[in-house]
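In my numbering, the protein residues as written are 1288 to 1663.
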């Protein structure tokens, strides 16, 4: 019965000493970690305190320097609110179908003494450019190029929307002279801003109407990439899984008021033999190839135009800038922005191209001009 107890090894004094040293080392390590974490927490709190002190000092300095009766800061706030209201109005217009001008927003009362236009001053639907981004060439792109294309699609609507807002704010100063209609107890400050933004956008001129973008042939990998972006559903664009010619015809059928008939469909291709020298017209439909090809696939968009039997034109880079180097390959968003810039300035393609080309590209253009001048 005592055999089991006899088989248990006895601990020697040396073993107890080793265990004691290990426990002391572990306790010292925990203490060092606690000290270091405490030091890190103290440094973080100190940095936060300094930031708070700097912010408080800046606010106190601004309060001491403020002149009583000065309303410049109120004017800045009002201008910012006016710009935001104009942006909201133009963004809503971009979501309308081609030719659609009436806004349906649940308030059809008179526009605050604006002549009784019924509040539906959304444009006659035939002022805007009609731009299609053809996404039917995704088989030519790898995954990285698909990702870059999605980014360019987002920049396409954002760039033209910002240009339209700038144009409206530059051409039409803010006007708060319109008073609420008599008896309108629900006329709020937000409603006043919305109606004022509508008047500004309408008074700026038809060329300030932002383009209405259509993404055609949207399926496959590009559609999946857009679906992963939660914000893409709120983009002010129209999408279609059909090719660009059928998608454009479907847009005309959607408009109950009757959109302007399509005079011609123009595919913008850097390989096209003829240049687009006329100002962009609302009567035409401009197709931009949604293609990001790092390896430069020649004649991709030109072959696309030939397959659908439509005209192909290139941007007049050589005619306006005097060079036809690699600068003639623009991204999707740069091409879209260049079209709208030429629409705003009445067809000045040189100014439009200078506004969208990167600085390094313009330096290449100037260097080419200098070399050609020396060669003569």
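Glycine included, each C-beta is placed from N, C-alpha and C at the ideal position. Treat the numbers as computed from the prediction; the structure is a model and nothing was measured.
- With a beta-carbon spacing of about 5 angstroms, residue 1627 and residue 1447 fall inside the 8 angstroms limit used to define contacts.
- Residue 1417 sits in a strand when the DSSP states are folded into three classes.
- Ranked by Cα distance from residue 1525, the options 1365, 1363, 1349, 1384 are led by 1384.
- Fewer than three Cβ pairs drawn from the stretch 1476 to 1487 and the stretch 1514 to 1524 lie within less than 8 angstroms of each other, which leaves the two stretches out of contact.
- Boundaries of the beta strand (DSSP E) harbouring residue 1574: 1572 to 1576, taken from the DSSP string.
- Positions of the alpha helix (DSSP H) runs, each at least 4 residues long and wholly inside the stretch 1499 to 1548, are given as 1507 to 1515, 1531 to 1541 in order along the chain.
- DSSP, reduced to helix, strand and coil, places residue 1430 within a helical segment of the structure shown.
- In the DSSP assignment, residue 1619 falls within the alpha helix (DSSP H) that extends over 1619 to 1631.
- If you ignore the 5 residues before and after residue 1599, its C-beta comes within less than 6 angstroms of the C-beta of 1554, 1556, 1559, 1589, 1592, all in its own chain and listed in chain order.
- Of the residues 1630, 1625, 1339, 1417, the one whose Cα lies closest to the Cα of residue 1501 is 1417.
- Residue 1617 places its beta carbon 8 angstroms or farther from that of residue 1428.
- When only Cα atoms are considered, residue 1583 and residue 1362 end up about 50 angstroms apart.
- Between residue 1336 and residue 1504, the alpha-carbon positions lie close to 55 angstroms from each other.
- When secondary structure is reduced to three states using DSSP, residue 1354 falls in the coil class, being assigned neither helix nor strand.
- Assigned with DSSP and collapsed to three states, residue 1383 falls in coil, not helix or strand.
- Taking the CA atoms as reference points, residue 1653 sits about 48 angstroms from residue 1357.
- Secondary-structure assignment with DSSP links residue 1599 through a beta bridge to 1554.
- Here residue 1602 is actually not in contact with residue 1637; their C-beta atoms are around 11 angstroms apart, not less than 8 angstroms.
- When secondary structure is reduced to three states using DSSP, residue 1562 falls in the strand class.
- A residue is called buried once 16 or more other Cβ atoms fall within 10 Å of its Cβ, and residue 1630 is buried on that count.
- Of the candidates 1497, 1575, 1330, the residue whose Cα lies closest to the Cα of residue 1382 is 1497.
- If you compare the alpha carbons of 1439, 1572, 1551, 1431 with that of residue 1508, the shortest gap goes to 1431.
- If the five residues before and after residue 1527 are omitted, its C-beta is found closer than 6 angstroms to the C-beta atoms of 1503, 1534, all from its own chain and listed in chain order.
- Between residue 1634 and residue 1565, the gap from beta carbon to beta carbon is short of 8 angstroms.
- Collapsing the DSSP output to three states places residue 1491 in coil.
- When C-alpha distances from residue 1426 are compared across 1510, 1355, 1486, the shortest belongs to 1510.
- Straight-line measurement puts the Cα of residue 1350 at about 46 angstroms from the Cα of residue 1499.
- Between residue 1435 and residue 1623, the CB-CB gap reaches or exceeds 8 angstroms.
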